[in-house]
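Trainee: Here's a structure for you.
Residue numbers (this note's numbering), protein chains in the order written: chain X, 52 to 337; chain C, 52 to 337; chain H, 52 to 337; chain B, 52 to 337.
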């Protein structure tokens with residue numbers, strides 16, 4: 052089997068467009084796709100200033116360089132917590148800045164792109180919106196780095212064609228995020244497709260990080276899958292961390308406590324060394 | 052196995068909210084969910100006034116009561132034909148009106164909802180946008196009937212929770228459309244999940260139609276799957292028809308020629324009778 | 052998409068080997084693949100002489116022409132009921148003969164093939180054994196008709212290559228049975244892939260029947276899926292029927308009561324007529 | 052989500068039966084499930100004495116401790132190469148013994164179990180036979196260690212229930228092998244489910260190894276997936292190696308050349324150290 056793709060579905064995203072690979076600077080001294088890993092950590096949703104401040108302080112101390120947190124939340128049910136919106140964005144930005152962290156957060160609506168651009172360093176397009184072409188074009192019109200998650204049932208080629216929508220709209224700063232695909236075994240929420248990492252390395256120049264929290268849906272599986280992702284060549288991880296997972300407004304069962312996250316980063320460091328990568332340099336502010 | 056659902060994810064859409072079932076009038080004398088089937092037919096994309104006029108004339112004569120046609124097309128690749136936009140909408144509306152047909156067409160962007168509402172009788176939310184919550188809320192704010200297609204990897208409960216976003220926003224006129232889910236066998240584009248029809252009948256009061264064209268991706272499979280859908284209790288079908296499939300700008304290999312569509316409707320009539328349903332009454336304009 | 056197959060994986064099973072299609076006589080006046088449908092009915096497992104006698108009497112009266120019942124049961128757990136073995140086979144054969152029915156039953160072990168051949172008219176290879184090549188070759192050495200169920204994750208081409216193992220061993224009497232493939236939605240046990248019926252009609256000359264009981268796992272879904280199967284062109288159905296489903300040793304929740312089965316056959320008759328097929332002629336013994 | 056299982060489907064295999072975990076000695080000084088990894092390497096099929104001798108010499112030198120090679124081959128098509136049978140077994144055994152390696156090879160037919168037991172140290176039950184209960188019981192009656200591969204569409208609980216068939220038949224020496232599950236993306240042959248490793252660690256005491264060759268079907272993906280497997284906690288790997296992959300009778304495109312395998316072992320050693328494991332001790336004979 053060769054690494055081919057449906058001819059013409061993606062060109063700017065194709066490896067041949069930049070055989071040397073691309074890396075994406077997102078500000079605050081963070082470069083995704085270089086020798087140092089990107090370690091994004093934080094709660095599923097921003098719930099309060101106290102919660103995001105405590106989390107930012109802890110994950111910065113443990114070695115994360117990017118703070119994650121949802122302000123606009125895509126939820127299966129309209130009756131589930133939908134996020135704090137703009138207020139959540141502001142709290143996220145403030146906490147990140149205090150601790151020298153960059154910010155990644157999701158946008159759901161093309162009409163919210165400007166607000167998210169104003170507060171974030173990396174705009175997330177979630178799995179459900181991977182083929183929301185109106186949204187892809189809208190973030191493509193900005194110069195803000197974009198984190199494009201793989202859809203639950205998207206082939207790798209469809210994912211790269213979705214990235215192409217952003218690139219062809221004028222924004223070259225795209226990072227991919229593998230977060231599991233849908234399968235039949237209820238043992239895990241999704242199946243984390245780590246082979247996507249080397250497949251992507253052959254088909255595209257874009258960097259790729261891995262989200263073991265959404266992929267597995269189970270906190271105890273996050274560390275082994277994060278280590279495996281780095282061993283397979285990922286450029287970083289995106290991990291859910293919460294001060295008190297059992298009280299989280301969403302996704303508590305897959306969130307790590309502070310101590311478990313600190314231990315994870317330490318072990319990530321050892322695997323990173325084994326494959327020729329490094330942990331992020333700790334910022335002075337952390 | 053009982054017909055349960057994740058408690059609270061959908062309430063207005065639940066069968067218990069309307070045990071007698073609901074039917075959705077969409078104008079032009081068409082009622083979806085009554086004794087007569089809804090037969091939607093037309094090209095994947097509106098390509099020209101001539102193409103849509105010829106198709107409307109033919110499918111109306113053969114017994115369709117709703118004209119389908121894409122003006123805003125969601126395409127995997129940014130380099131594929133993206134539709135004629137507003138000009139396509141106008142041509143679609145004009146052709147349908149000349150032949151006494153209602154119109155169904157897709158909307159991709161919340162900012163286009165008003166334009167589509169002005170021209171269509173039934174607004175389609177495509178499979179890729181089933182969990183595009185911004186778009187669901189936007190069509191929920193109108194009173195225009197909505198056709199909500201199932202996502203490629205959506206469970207039936209997630210699909211109904213997506214419908215709930217529309218209902219809870221104030222729009223009760225929702226029709227569901229099963230169009231196949233993703234699986235492993237390349238023999239068909241997707242796997243048409245016809246058991247979804249009786250499962251839905253137990254879980255929701257909303258009507259459901261079936262799209263055998265996108266489900267299979269192969270023209271010769273459309274007729275047997277349309278007949279099976281009606282035998283399983285579907286309230287109608289959505290079929291791609293094109294004057295010259297081999298020249299279609301998109302999805303030609305799954306489009307029926309006029310004659311094949313006429314034959315399909317005739318056979319649908321026989322199966323409909325066998326299960327106590329009827330074909331649509333032909334409009335005078337056809 | 053053309054109807055191609057991996058070149059050479061199946062030849063004797065390919066449509067081109069018998070463009071006119073093949074039909075398989077299994078004795079007791081039953082021909083599978085002719086104008087009349089094959090209607091196989093009976094319990095998941097033979098549990099007692101009384102149970103199988105009562106079921107045989109009832110399903111024969113309702114219009115079935117083949118009695119199903121498991122004597123050797125493939126069970127996920129070693130602690131589940133494994134069937135009555137030879138004693139079950141004998142009871143099944145006796146009840147069928149009393150009521151003029153043919154017998155279909157499963158074989159699990161190549162060393163049991165002779166015993167099953169001695170009692171059955173149609174030997175079932177179950178989904179879990181679709182690629183048990185030792186077993187396929189063993190039934191291929193007999194001249195007894197074989198019912199080959201599709202594996203849970205088998206493509207149609209792999210299924211036909213498995214049939215080829217039987218054909219190439221010298222036994223041309225093969226009937227296929229679609230029984231659902233594995234997918235992600237817990238709403239049904241499996242996803243019934245009815246498009247497989249017309250795909251098979253293009254790729255092979257072998258007849259195909261459908262098992263809506265194992266496919267859905269829910270009794271209330273069996274009738275609509277059986278009707279859909281016949282509308283889609285299937286040559287028959289295989290349905291679980293039990294005198295008292297709530298007391299069944301296995302698969303009670305997907306078994307029909309006698310009355311529900313009688314109603315199903317009546318409705319099958321109407322759909323059969325609509326697509327140019329007929330119910331089986333009732334045997335004098337029934 | 053808790054680590055539960057369908058009550059009673061497996062008991063002897065359950066973690067609670069041996070909370071400390073079990074390790075399986077297979078002879079030739081090899082213990083699977085201890086601190087040192089099991090590294091199984093060799094061709095898909097034994098093709099000739101020269102081929103297996105050259106491979107055994109090379110993989111032993113590179114650090115493997117188990118020689119793999121198929122003598123009875125399960126092939127999708129009856130027209131594909133089916134293996135050398137007993138002659139292949141003898142050549143495999145002789146080459147392994149010359150180089151101080153243990154032997155793993157597959158058995159397909161219950162009637163071949165004695166012959167395979169006589170030549171192998173670890174008997175493989177392949178993915179297609181995971182629920183071939185006659186075969187499971189037959190290897191369960193021996194005391195020979197068994198390598199049970201996961202079925203293409205098997206849940207983890209079904210896999211453990213299959214292992215239970217072996218354990219309850221009297222053979223406690225079972226090793227599991229994750230080899231990918233079926234999914235929708237043709238980019239890889241299967242999706243390697245590495246999260247199965249920590250899920251298994253919570254549900255069972257049995258050791259688990261990973262086959263990145265069958266999982267991906269692409270030689271260039273084998274190394275990153277092998278490294279990821281060890282990082283995730285696997286007890287070893289099973290890798291296809293061939294002197295001249297482009298001339299292999301089967302699975303050439305996923306086989307490593309000797310040099311690539313030597314490099315893989317070296318890198319495995321670094322990741323093993325990072326997670327507290329070691330490479331096998333090289334045997335004197337190598």
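From the three backbone atoms N, C-alpha and C, an ideal C-beta is built for every residue, glycine too.
Quick one: grab the DSSP three-state call for residue 269 of chain B.
Mentor: coil
Trainee: In the segment 90-175 of chain X, which residue ranges form an unbroken beta strand (DSSP E) of at least 3 residues, counting only runs that do not cross its ends?
Mentor: For the segment 90-175 of chain X, whole beta strand (DSSP E) runs of length 3 or above, ordered along the chain, are 117-119, 153-157.
Trainee: Per DSSP, residue 297 of chain C forms a beta bridge with which residues?
Mentor: Answer by DSSP bridge pairing: none, since residue 297 of chain C is not bridged.
Trainee: Identify each residue in the segment 197-220 of chain B for which the Cβ-Cβ distance to at least one residue of chain H is less than 7 Å, and report them in chain order.
Mentor: 203, 204, 209, 212, 215, 216, 219
Trainee: According to DSSP, simplified to helix, strand and coil, what is residue 178 of chain B?
Mentor: helix
Trainee: Does any residue of chain X bring its CB to less than 8 Å from the CB of residue 233 of chain H?
Mentor: yes
Trainee: Kindly give me the distance between the Cβ atoms of residue 91 of chain X and residue 288 of chain X, rounded to whole angstroms, as I take these residues to be in contact under 8 Å.
Mentor: 7 Å
Trainee: For residue 61 of chain B, which option in H:131, H:184, H:83, H:192 has the closest C-alpha, if you only look at C-alpha atoms?
Mentor: Comparing Cα positions, the closest option is H:131.
Trainee: Relative to the alpha-carbon of residue 167 of chain C, which residue among C:152, C:138, C:264 has its alpha-carbon at the smallest distance?
Mentor: C:138
Trainee: Quick check on this structure: which residue in H:242, H:148, H:284 has the alpha carbon closest to the alpha carbon of residue 80 of chain H?
Mentor: H:148
Trainee: Tell me which residues share the same chain as residue 195 of chain C and place their Cβ nearer than 6 Å to its Cβ, disregarding the 5 neighbours each side in the sequence.
Mentor: 168, 174
Trainee: Looking at chain H, is there any beta carbon in it that lies within less than 8 Å of the beta carbon of residue 175 of chain B?
Mentor: Not flagged as an interface residue toward chain H: residue 175 of chain B, since no C-beta distance is shorter than 8 Å.
Trainee: Please report the residue range of the alpha helix (DSSP H) in which residue 320 of chain H lies.
Mentor: 309-325
Trainee: Does residue 52 of chain X have its Cβ less than 8 Å from a Cβ in chain C?
Mentor: Only weak support is given to the placement of residue 52 of chain X: the predicted model assigns it a pLDDT of 31, under 50, and the value that follows is read from those uncertain coordinates. Chain C, which has no Cβ nearer than 8 Å to the Cβ of residue 52 of chain X, makes this no.
Trainee: Determine the burial state of residue 120 of chain X: buried for a count of at least 16 other Cβ atoms within 10 Å of its Cβ, exposed for fewer.
Mentor: With a threshold of 16 other beta carbon atoms within 10 Å, residue 120 of chain X meets it and is buried.
Trainee: Can you tell me where the beta strand (DSSP E) holding residue 77 of chain C begins and where it ends?
Mentor: Following the DSSP letters along the chain, one finds residue 77 of chain C inside the beta strand (DSSP E) bounded by residues 75-78.
Trainee: So, under 8 Å CB-CB, residue 106 of chain C and residue 292 of chain C are touching, yes? Tell me the CB distance rounded to an integer number of Å.
Mentor: The Cβ separation is near 6 Å, so the contact holds.
Trainee: With distances taken Cα to Cα, identify the nearest neighbour of residue 306 of chain C among C:263, C:278, C:252.
Mentor: C:263
Trainee: Tell me whether the beta-carbon of residue 126 of chain B lies closer than 8 Å to the beta-carbon of residue 161 of chain H.
Mentor: no
Trainee: So is residue 332 of chain C buried or exposed if we call it buried at 16+ other beta carbons inside 10 Å?
Mentor: exposed
Trainee: Specify, as a first and last residue, the run of the beta strand (DSSP E) that residue 83 of chain C falls within.
Mentor: 81-83 is the extent of the beta strand (DSSP E) around residue 83 of chain C.
Trainee: Do residue 59 of chain C and residue 128 of chain X count as a contact pair if the criterion is CB distance below 8 Å?
Mentor: yes
Trainee: Take residue 202 of chain C and list the residues in its own chain whose beta-carbon comes closer than 6 Å to its own, dropping the five residues that flank it on each side.
Mentor: 178, 181
Trainee: Buried or exposed: which applies to residue 165 of chain H, given that a residue is buried once 16 or more other Cβ atoms fall within 10 Å of its Cβ?
Mentor: exposed
Trainee: Relative to the alpha-carbon of residue 241 of chain X, which residue among X:268, X:152, X:222, X:223 has its alpha-carbon at the smallest distance?
Mentor: X:268
Trainee: Taking only beta carbons into account, state which residues of the segment 129-152 of chain C come closer than 9 Å to chain X, listed in chain order.
Mentor: 129, 130, 131, 133
Trainee: If you draw a straight line from the C-alpha of residue 113 of chain H to the C-alpha of residue 271 of chain H, how long is it?
Mentor: 18 Å
Trainee: Below 8 Å on the Cβ atoms is my contact criterion, and I expect residue 185 of chain H with residue 152 of chain H to pass it. Report the Cβ-Cβ distance as a whole number of Å.
Mentor: Rounded, the Cβ-Cβ distance is 30 Å, inconsistent with contact.
Trainee: Ordered along the chain, which non-local residues of its own chain (more than five positions away) have a Cβ less than 6 Å from that of residue 55 of chain H?
Mentor: Here residue 55 of chain H scores only 44 on pLDDT, less than 50, and its place in the model should not be relied on; the value that follows carries that caveat. The answer is none, since no qualifying residue turns up.
Trainee: Need the endpoints of the alpha helix (DSSP H) that residue 191 of chain B sits in, please.
Mentor: 184-191
Trainee: What is the DSSP secondary structure of residue 303 of chain C, counted as helix, strand or coil?
Mentor: helix
Trainee: Determine the closest residue to residue 295 of chain H out of H:317, H:109, H:227, H:211, with distance taken between C-alpha atoms.
Mentor: H:109
Trainee: Mind checking if residue 222 of chain B is an interface residue toward chain H, Cβ cutoff 8 Å exclusive?
Mentor: no
Trainee: What residue does the beta strand (DSSP E) around residue 260 of chain B start on, and which one ends it?
Mentor: Per DSSP, residue 260 of chain B belongs to the beta strand (DSSP E) from 259-261.
Trainee: Give, in chain order, every residue of the segment 242-259 of chain H whose Cβ lies closer than 8 Å to some Cβ of chain C.
Mentor: 242, 243, 244, 245, 246, 247, 248, 249, 250, 253
Trainee: Would you verify that the beta carbon of residue 279 of chain B is, or is not, closer than 8 Å to some beta carbon of chain X?
Mentor: yes
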